[in-house]
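To start, the structure under review is shown below, and the notes come after it.
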Amino acid sequence: MAERLLVSSKTIKRIDASDLSKEGTQVAEDITLADKVFLANVGRLILSFSLGNYITQLDRSELDNYQVFGVSIDDAERIFEETSQQGFLHILTSVAETLTDLITCPHLLMSYEGNGAFLCITRDPNLPEWDRMEAGLQAKLDALNLLSDDLKQESISLSVGTPIAPNANRTQRVKKTFERALSRAEMRYASKCAAA
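Okay, structure coming up:
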């Protein structure tokens, strides 16, 4: 376990989110779309393996009190290609901050999983319905006007997957829970594309 944590911590790139807003600041290292990035100084955002460790430690009798859901940036690949790395990291930071503004419960934790996708877990019984949550996130994000002139689309859109309870099997909990939550956000994006 310690060895896995050490390897995971070395593969996740750490970016200080407070530096992204400073003019003239350059991102120290190259990132790819698939990279798991830790945005330091963003509230409630933790390392991916820390979120996995947290979910693993949950007591089985309490699992029904928790909800895990994925939030993904629609067409993240194109946005990544059409903007600078610093611009993309700024978008990620804004999405994370928008999530914490909308979901104000003290139990929200989230991690950035790469490819424009965030995983979130909360034990808030008053979590908004996923479609209202998606609309609320979208409205807050639209108000920020994040896109530069380089991008050819009018706004950044998000897809929120329907929340699930963590998997009961402790040894498979992280893998299966993360996969299901992220795939639900992907399915939501696919359904929006099909409806368009």
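The sequence shown finishes on residue 444 if you use this note's numbering, and the numbering steps up by one all the way, no holes.
The beta-carbon is built from N, C-alpha and C at its ideal position, and this holds for glycine as well.
Query, Result
"Cβ neighbour criterion (16 or more within 10 Å) applied to threonine 419", "exposed"
"Runs of beta strand (DSSP E) lying entirely within the region 270 to 309, each at least 3 residues, in chain order", "285 to 288"
"Extent of the continuous beta strand (DSSP E) run through threonine 370", "365 to 370"
"Segment contact, 8 Å Cβ cut-off, at least three pairs: the region 280 to 289 with the region 369 to 383", "no"
"Opening and closing residue of the beta strand (DSSP E) in which leucine 389 lies", "Counting along the chain, leucine 389 falls outside any beta strand (DSSP E), though it belongs to the alpha helix (DSSP H) covering 378 to 392."
"Three-state secondary structure (DSSP) of cysteine 441", "helix"
"Euclidean distance between Cα positions of proline 411 and threonine 341", "22 Å"
"Glutamine 315 - containing beta strand (DSSP E), residue span", "315 to 321"
"Stretch pair the region 299 to 309 + the region 378 to 385: three plus CB contacts closer than 8 Å", "no"
"Same chain only: Cβ atoms within 7 Å of tyrosine 437, ignoring 5 sequence neighbours per side", "Ser320, Asp322 and Ser407"
"According to DSSP, residues forming a beta bridge with leucine 406", "Ile321"
"Local conformation of serine 332 per DSSP, three classes", "coil"
"Between the CA atoms of histidine 338 and glutamine 386 - distance to the nearest angstrom", "16 Å"
"Cβ distance (whole Å) where leucine 356 is taken to contact arginine 292 below 8 Å", "5 Å"
"Cβ-Cβ distance between serine 359 and leucine 430 below 8 Å", "no"
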